[in-house]
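The structure appears below as structure tokens.
There are 2 protein chains.
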Amino acid sequence: QSQSKMGWWVNLYSWIAFSMLGVIVGLFAFIVDVLTEQLTLWKWQITETVFNVSIMLGWITFIVFSLLFGGTAAILTVFMGPGAASGGTPELMGYLNGINYPQFIGLNTLFVKVVGLGLAVSSGLCIGKEGPLAHIGAILGHCTLYLPLPMMDYFRNDADKREIAAAGAAAGVAAAFGSPIGGSLFAYEISRPSTFWSFGLTWKIFFCSSISTFVLNILSSYKRGEDVRIMNAGLIKFGQYDQNPYKLHDLPFFMIIGVFGGLLGAMFININFRVAQYRKKYLTDNWKKVHEVIILVALTATVIYFAPMMLYNDCLQEEEGNIEARFIRYACDKGKYNPLATFLFNPESTVIKALLSKNAQFDYAQLTLFFVIWYCFTVLSYGSSVPAGLFLPGIMIGCALGRITGHFIENRIIGDIRPSTYAIIGSASILAGYTRLSFSLAVIMLETTENVGLFLPIISALFVSFGIGRLFNRSLYVESLKAKNIPFLIEEVPQCNKDLTACKLMTSPVQSFTIQPTVSQIIETIQSNDFNGFPIVGEDRRLVGLISRQHLVVLLNKQCWRVKTNDTPISTEGRDSLGSRSDKSSNILVNSGDKRSVNDQSPHDKGKKPRIVLDENDIQSTGELPQDQDSPNQLATKKQKANKKYQQLDEETQQESSFGSDQSYQYDFYSLTWRDFNMNFHSHVPSLSEKALLCCEQNYDKVIDLRAFMIEKPFNVQSNYSIQQVVELFRQMNLRHLPVVSELDNKLVGIITRQDIFAYMTM
Amino acid sequence: QSQSKMGWWVNLYSWIAFSMLGVIVGLFAFIVDVLTEQLTLWKWQITETVFNVSIMLGWITFIVFSLLFGGTAAILTVFMGPGAASGGTPELMGYLNGINYPQFIGLNTLFVKVVGLGLAVSSGLCIGKEGPLAHIGAILGHCTLYLPLPMMDYFRNDADKREIAAAGAAAGVAAAFGSPIGGSLFAYEISRPSTFWSFGLTWKIFFCSSISTFVLNILSSYKRGEDVRIMNAGLIKFGQYDQNPYKLHDLPFFMIIGVFGGLLGAMFININFRVAQYRKKYLTDNWKKVHEVIILVALTATVIYFAPMMLYNDCLQEEEGNIEARFIRYACDKGKYNPLATFLFNPESTVIKALLSKNAQFDYAQLTLFFVIWYCFTVLSYGSSVPAGLFLPGIMIGCALGRITGHFIENRIIGDIRPSTYAIIGSASILAGYTRLSFSLAVIMLETTENVGLFLPIISALFVSFGIGRLFNRSLYVESLKAKNIPFLIEEVPQCNKDLTACKLMTSPVQSFTIQPTVSQIIETIQSNDFNGFPIVGEDRRLVGLISRQHLVVLLNKQCWRVKTNDTPISTEGRDSLGSRSDKSSNILVNSGDKRSVNDQSPHDKGKKPRIVLDENDIQSTGELPQDQDSPNQLATKKQKANKKYQQLDEETQQESSFGSDQSYQYDFYSLTWRDFNMNFHSHVPSLSEKALLCCEQNYDKVIDLRAFMIEKPFNVQSNYSIQQVVELFRQMNLRHLPVVSELDNKLVGIITRQDIFAYMTM
């Protein structure tokens, strides 16, 4: 009964962590929003003042500010947090897939991502601030687990880190678009081929997303000085919509916009990929990367500054209630405004509202120019060394595209349409064209437009755009994963490699340990290679367990060795002795199984004997394990969870069993608790300290009993199993190391890691 | 290259099947809607005419019609389609979990569900027509695969049947609520612990749901004679909403409604469960079940008929534009109407709109009576022998509850509230209280109210209701699953059984075959037990494959045997000979693996040699398998897919390889194609025909080579593996049979089936 009570507490703390994360992400979204808004406002206010004096002076002011912001952002990114560059979604996909990408998680990355994002967006680059909130959320999720709260250290393992990072990403997107369901689905979609996503997690993520939306909303209302309205609203909102925004005859045109969106998206991916290749080839030095950003910023600022004058120097009479945006006079007389300048110089969210407003009037030249500027500069800017998002540019480009198409249709084909609806369809198409998000994008668009009636047209355009784009290439994220060579596990083995078997994939011979290796053996092994997982074998090289490098290092650092008490071959006890002779029939196996189940039952009464001194286990070598000697096993079960490296993610009750009792494991010199095996913040494998190494050298002949710390009976395959079965096991059971045994007698013959599989998978 | 082209075609046909399903489900939703509406209309019209003559005569007319409809529905259900009773959601959960519940899928069930549902709803029982659309959709999905279309037989296996059934259920719910995302999430949520749900499937299901919503919408518009508006709209719509439906001070009250909802829901489940037990105990005979329905209908009709008169005989002046419902005069003077009668005698969807209308005025007595009538009769009616849904009653009860609370708060606490918002929150709370749906219910409510602003209050009330309800019992569906004893696999093994190992679970000794058993052995085995899967063992009882009863029966029926050509022990070739001596090192294994991968490659050129005569394989017994003898294996791979019984669901390209070429497998008397192994409509295992049995008897000493038809290298566990690992494998790899091998030498010792595990799982 105390077990289930413990589980209840763990569950409660997990909910607390997720709720706190929601609050924190909402807060950070607000900070990003305020930062961006404030910086942009300063820039525009000063520029406008100077502009009224002289156009060239205005340009200089404008470009100085832009370069200042952009340069700072680039320097921060390049020298302080290289992991913060770009959107972070591909790396996030890799992370959720089980890869620890260097620099992806970290406080410096967080700082750069927040501050750099604000600076980069204010510098006038054609990028958005929405996508990176997913990355920010993921880091914040990570950080939440390291807050000084009771029991948080319980969740400091790779499995829980992934879960809370997914929740953070969801909360970030939810806050960005005011879309809790959309955010949750986004997290689901980007963690696609991985199945750590359980149903309980969905609930938590959804809750976390709702809270972050809510908090952002409260803060925004407060800032605007309104009384707190608790409608959900994100950083982008499309504003109010009329209720009957389209007719049946619009549908084919929506499909055509979908085709455009798909083509433009595919082209975007292609160009961006090539630019990235050039970048990789030529920008080998940190300062070159900064220079690239500076050139981009200068170019963008200049084009935006002069475009209204050079190409479209028209002035319109200011009208009341036409569009929500602030009118920009630019070079016009008083009382008039320049429409393109109004577009280019207003904050993006206002522009989107204007583009989606059904009253607003635009003409082709203005829209086309706007479209071209944003498309070209976005494709160039995304991937440079500043934090950058792609959602907002997609919406901008798409709105312009949709409006252009809408105007054309209105003038030439059918008068009875609403160009504002076309703008929404356009943005959905463009976004689907390059992100290739499906479900989640549809819901995000739905929640952002706040109009369920638009759902079917959005879906149909999205489908078309997705399908057309898919004919040419994979999504921007997947291409990016490929370019970065991230060993991402997909669901399906390519046809040409279907015939491979496990023994073709595996690394062999494999570095393995016996149950009680000597200190010198361990040190030699972990220093001679960089494998992270080592199978443990019993008699005759038969697989009995798996231990991670991290565990071994902890054991050595903590000096958990003891004197080797006898030289007889140590039997593997409990788990291997049941039927180690060849005369076993199924009957005997059942019996020995009974014995084991009695042994294993003892976690229930572990509270009674909190300390087991392993030095006494000379008796173990008799082969007949006394009933109360099973505690090492049970401790192993504990460790298994806390450090499980994604082995069996959902064994929640195992987790429970290790909770709340500070049972320790006493050795010669030190008593260990499960906290010693907690992952550090970056999930780096610790290295051996100098002192520990020295100490080890004096104890080369001592042995460490690994049984207490290994993953017992790890999932394994026989050597003739197919690659598809191996991939299935890796994916579904969230493995990192899969020992391969001979099909005949279960002797260990090799080990398969993620990299081994990845070599045969093409994305 | 032709492989991937085939895959493309398979994919295309799969999309076609899903789209067609969308159309069909939309059509059926429309039929159900029209049927219900028409029957109800007739009943009311005739009753009203008679009522004006005499109240008692009116009552007789009313009750005669109700009994006619209700009785017909019950007789249809009991005698023609017992599987159509109730909502069908628990059985659907079981079905998606991998269980073939008898009578759940079938044309008779479909007919009864559609017609019986229309009749039952029109009979005046307090039930809804929305939930059963999920069941109808699932059956329609099944039927779609059996339409006479090209390539549909390709999908006639258990795996694809599950997928399309899930899509059908989603489409049904989507049509019912005009909620494509909600429908898809509903299907996701009820297939929760199962992971056949891949990402590609989500897309297809979503598409299918959108189409069904769309089709229903078009048809409804057409019927109403409006020009076709393509807004999405389902059978229930809550109508238009104002944009600022609540303030911050409303939130605590919403939570309180959540508490009420949770309590009422838990009570509902409890009472319903007890009623179901009584039903099981006393209604043992078919006619008794019909009588129960008749009594219920008579009771409901009488109470509804007299309630306004006995308890609430008030008359109000008819007003224009107050509520949308048709005024029911009842016993009032001309120009006046009876409010409770207006509630009880109008179609449900109108009543919901009235309850949600912000203009409408109600008083406590009226609302309370309405609430009590619906709550009591719903709890009694759900589970009786007619098709019945629970969504609509939940909404009705919830609306009344919300309105009552709202009025109380408005009068006593804060004047500034909108009772209509409280009604929505109330219905969400009640629904969450007994269905315990989370994500999907939130989205369904969101899409039905068409107001994203209501999302946060709905979520918070839902959370509270879910949490409160969870303190008392599991969801109505889960309780129902328990009561029906469906072996449903959940994610987590209960703590008390965590220590069991595979050898404790397994059935042992196990019935197995050698690679080439004689006909007499097969007949003896399959007639002496009712196992559905048989391991195939090679030398020394080492596991090499798994074959299903269905395959064996087909092989016997088709007389696929041949003369036993030699008496030397047949080696297991390819898959077992690689390293059958004990001297193997990992190096040898790699080599033999190479050989295998060459063998297995041959599916690529199978088109060249379409017929292999197995009689020639004397040469196989040399142990050295010639390269072109591998076709049996490759055919096995084919069969594996078409009949895989949920082994490896996503091996799509394997699927591709068997597509398009009618390659056959020639035996003494018959040539087999993969079509012979297709599942029949009900996935029943065929029995041996008399003729085949006779024929078998004359060939008792012939042998059947099973290698071509078995699942090669099935997933298996060693006997000391824990129950949690076994459950993981079952769930994640969608198994039905899991052979257990000895940990020492992979000799077969037992087999685990779903039932074996279920014995140790409590829900």
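Residue numbers (my numbering), protein chains in the order written: chain C, 31 to 793; chain R, 31 to 793.
Quick reminder that beta carbons are idealized off the backbone N, C-alpha and C, glycines included.
Of the residues assessed, C:Glu-720 falls on the exposed side of the cut-off, its CB having fewer than 16 other CB atoms within 10 angstroms. Residue-level contact by beta carbon holds for C:Asp-775 and chain R, with a gap shorter than 8 Å. Contacts with chain R at 8 Å (Cβ-Cβ) do not include C:Ser-221.
For C:Phe-48, the nearest beta carbon of chain R is not closer than 8 Å to its own beta carbon. Counting only runs of at least 3 residues, the stretch 270-335 of chain C fully encloses no beta strand (DSSP E) element at all.
Partner residues in the beta bridge of R:Val-567, as assigned by DSSP, are R:Leu-573.
Under the criterion of beta carbons closer than 8 Å, C:Pro-539 and C:Gln-785 do not qualify as touching, at roughly 17 Å.
Taking 8 Å as the Cβ-Cβ cut-off, the stretch 734-752 of chain R approaches chain C at Lys-743, Phe-745, Gln-748, Ser-749, Asn-750, Tyr-751 and Ser-752, given in chain order. Per DSSP, the continuous alpha helix (DSSP H) segment holding C:Gly-202 begins and ends at 188-207. CA-CA distance, C:Val-289 to C:Ser-459, rounds to 8 Å. Beta-bridge pairing by DSSP links R:Phe-543 to R:Ile-566. In this structure, C:Ile-741 is the residue among C:Ile-741, C:Ala-114, C:Ile-781 and C:Ile-439 with its C-alpha nearest to the C-alpha of C:Ser-578.
Remark: C-beta atoms of R:Ala-472 and R:Leu-492 approach each other more closely than 8 Å.
Across the stretch 518-535 of chain R, CB contacts with chain C closer than 7 Å involve Glu-521, Glu-522, Gln-525, Lys-528, Asp-529, Leu-530, Thr-531, Cys-533 and Lys-534, in sequence order along the chain. Annotated three-state conformation of R:Glu-742 is strand, per DSSP.
Here C:Val-333 is not near C:Gly-101, since their CB atoms are 8 Å or more apart. Inclusion of C:Leu-140 and C:Glu-193 in the CB contact set at 8 Å is not warranted, their separation being larger than that value. It is roughly 12 Å from the alpha-carbon of C:Ser-468 to the alpha-carbon of R:Ile-235.
Scanning C:Ala-200, C:Ser-250 and C:Asn-247 for the CA closest to the CA of C:Cys-238 turns up C:Ala-200. Interface with chain R (8 Å Cβ-Cβ cutoff): C:Thr-783 is excluded. Assigned with DSSP and collapsed to three states, C:Arg-766 falls in coil, not helix or strand. With contacts defined by Cβ atoms closer than 8 Å, C:Val-416 and C:Ala-104 form a contacting pair. Of all alpha-carbon atoms in R:Ile-382, R:Pro-282, R:Phe-58 and R:Ala-328, the one lying nearest the alpha-carbon of R:Phe-244 is that of R:Phe-58. C:Gly-146 and C:Ala-114 do touch by the CB rule: their CB atoms are close to 6 Å apart, below 8 Å. Taking all protein chains in view, the Cβ of R:Ser-242 is crowded by 16 or more other Cβ atoms within 10 Å, so the residue is classified as buried.
Proximity of chain R to C:Pro-769 at the Cβ level (cut-off 9 Å) is not reached, the minimal Cβ distance being about 12 Å.
Inclusion of C:Cys-156 and C:Pro-377 in the CB contact set at 8 Å is not warranted, their separation being larger than that value.
Listed along chain C, the residues sitting closer than 7 Å to R:Thr-232 by beta-carbon distance are Phe-469. In this structure R:Pro-178 is exposed. Its beta-carbon is surrounded by fewer than 16 other beta-carbon atoms within 10 angstroms.
Non-local C-beta neighbours of C:Ser-550 in its own chain, meaning closer than 6 Å and more than five positions away in sequence, comprise Tyr-730, ordered along the chain. A check of alpha carbon separations from C:Lys-310 across C:Glu-219, C:Gly-413, C:Phe-284 and C:Met-285 identifies C:Gly-413 as the nearest.
Contact between C:Gln-580 and C:Pro-716 holds: CB atoms are separated by about 7 Å, below the 8 Å threshold. At the C-beta level, C:Ile-166 and C:Lys-143 come within 8 Å of one another. Counting C-beta pairs closer than 8 Å gives fewer than three between the stretch 115-126 of chain R and the stretch 79-89 of chain R, which falls short of the contact rule. Following the DSSP letters along the chain, one finds C:Leu-511 inside the alpha helix (DSSP H) bounded by residues 506-513. Between C:Gly-563 and C:Arg-761 a beta carbon distance of about 17 Å is seen, past the 8 Å cut, so the two are scored as non-contacting.
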